[in-house]
Amino acid sequence: MPSFSRARRFLRIVEIQRVKKAGKTGMMRQLADLAGLPTLIFGSLLLKPGKGEKAVVAAEKLMAINPLNPSFVEFFCKAARVAEQIEIAVQTLELVVEAEPGDMVLTRALGDIYNEIGNYMGARNAYEKVVQARPHDAQTAKLLKEMDAQTSMQSGGWEEAEGKEGGYRDLIKDKEQASKLDIQAKAVVAGDDLEAMVAEQRAKIEKEPRNINAYRALIRLYRQRKLFAEAVAVTEEALKINTADPDLDRTLSELRALDYEARVDALREAGQVAEADELDAVRAQFVFDDLLERVKRYPNDLRLRFELGLQYFDNEYYDEAIQQLQLAQRSPKERNDALYYLARCFRNKNQPDLATMQLETALEQLPTMDDSRKQVLFELGEIAEEAGETDKAFDYYREVYGADIAYRDIGEKMERIYKARKKE
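Okay, so the sequence shown: first residue is 273 according to the numbering used here, each after it adds one.
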């Protein structure tokens, strides 16, 4: 009912304004979030067919406590789905993301729900914001590419034509063009459709040999179908035309790594474990050597510096990792993640004071309780606990626990500290 929808919207706006006025880290807000945990746990038992309405009631209680708590919002959306009231989940997420535009967890959730209901342009815009904020988020980047294909279905008046007899085809006189757009709008292209689109891009390249966009389209097609060797060959062709294209350079590296992974997986599935392990070692060495070479070619690319720092970190070359990560933190996009991994490097070098310094700097720049803030708080808690500063560790853990009870082993840590306090 429209009137009820308006009333719910007004209520949600009031709830959001109240919470924002209280501040992001106020003690009362934290205590309120903790008080909502029993409702969250009880409500999770209602996420089953036939109990959707009760689940929504429980979800509304959580919204009344804190409509900006990601865990509460996630539960609200699940309850709305079970109750087959997806529209109230959309409404709530739109308002929450409007209030917290920097929260990429919530923005990603909005993109997912837009995708679910067929609002591909809305999903695309949400995913794009997430990828801009977190360029290393490969899963969201993949979804963004899928939405790029789907958005063509909602342009030129198609959205209005949806559901009508004849649909969007009535808007297109050229039936052959309609067929092509049918293919392009698919999230995954296969079989005859793939061959048709490959042939089309090949024809474009033959007609316009320097048309880089045609090469990119062909690369995307092959990559989508996991034809990595073919995609590598096309990327190499494109680089001969446009030799100083860092995006194509990155694409080539990614495709070569994916080709290795596909071959490793094939060997494992065939039971050739030793051969798979050997090839996987070759893959890992390639990724490292290739990244090192690209950093030499593009020394000012701070994203590459960050990736190289992670490679050094994963291989326990902490001094080398620190050098790269200190450079990477100059980039606004990489800064917080670079500070986090710098802290982990210092911690592994038994320099907890330096680790804490990096984490506290990162924490100042992470006002929203998203995954980045959680991992920083969690790390600070572990460092404090190792130093015997139990009260300080508890404060860090409690903030994470209040937002996400399922985060890593936060529940066990809280229980351990509670028990230790009772013994004192």
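Note that CB positions come from ideal geometry on N, CA and C, so glycine has one too.
Asked: What residues in its chain sit with their C-beta under 7 Å from that of Tyr570, if we drop five residues either side in the sequence?; Found: Pro518, Leu576
Asked: Only counting the same chain, and skipping five residues up and downstream in sequence, which positions put a Cβ closer than 6 Å to that of Leu490?; Found: Gln473, Val506
Asked: With a Cβ-Cβ cutoff of 8 Å, do Phe578 and Leu563 count as a contact?; Found: no
Asked: Using the three-state DSSP reduction, which class does Val291 fall into: helix, strand or coil?; Found: helix
Asked: Need the endpoints of the alpha helix (DSSP H) that Gln583 sits in, please.; Found: 574 to 586
Asked: Using a Cβ cut-off of 8 Å (strictly closer), state whether Asp561 contacts chain C.; Found: Structure shown: chain C not included; a single protein chain is present.
Asked: Cα separation between Leu340 and Ile313?; Found: 18 Å
Asked: Between which residues of its own chain and Tyr386 is the CB-CB distance below 7 Å, once the five residues before and five after are set aside?; Found: Gly394, Ala395, Ala398
Asked: Should Pro342 be labelled buried (16 or more other beta-carbon atoms within 10 Å of its own) or exposed?; Found: buried
Asked: For the alpha helix (DSSP H) that contains Leu614, what are its first and last residues?; Found: 607 to 620
Asked: Taking the Cβ atom as the reference point for each residue, do Leu574 and Ala600 lie within a distance shorter than 8 Å?; Found: yes
Asked: Give the single residue among Leu416, Arg353, Ala351, Arg406 whose Cα lies nearest to the Cα of Gly383.; Found: Leu416
Asked: Check each candidate in Glu359, Ala413, Val648 and name the one with the smallest Cα separation from Gly390.; Found: Glu359
Asked: Between the C-alpha atoms of Lys445 and Val504, what's the straight-line distance to the nearest angstrom?; Found: Because Lys445 carries a pLDDT of 43, less than 50, the predicted location of this residue cannot be relied on, and the following value inherits that uncertainty. Distance between the alpha carbons of Lys445 and Val504: 37 Å.
Asked: Measure the alpha-carbon distance for Gln426 versus Asp586 and round it to whole angstroms.; Found: Here the model assigns Gln426 a pLDDT of 47, short of 50, so the residue's position is not dependable and the matter cannot be decided.
Asked: Under three-state DSSP, which class holds Thr515?; Found: coil
Asked: Any idea if Glu287 is buried or exposed, counting beta-carbon neighbours within 10 angstroms, 16 or more meaning buried?; Found: buried
Asked: Quick check: Asn620 and Tyr668, are their CB atoms within less than 8 Å of each other?; Found: no
Asked: Using DSSP with H/G/I as helix, E/B as strand and the rest coil, what is Leu260?; Found: Examination of residue 260 is not possible in this model, given that the chain is present from 273 through 696 alone.
Asked: Tell me where the alpha helix (DSSP H) around Ile655 begins and ends.; Found: 643 to 658
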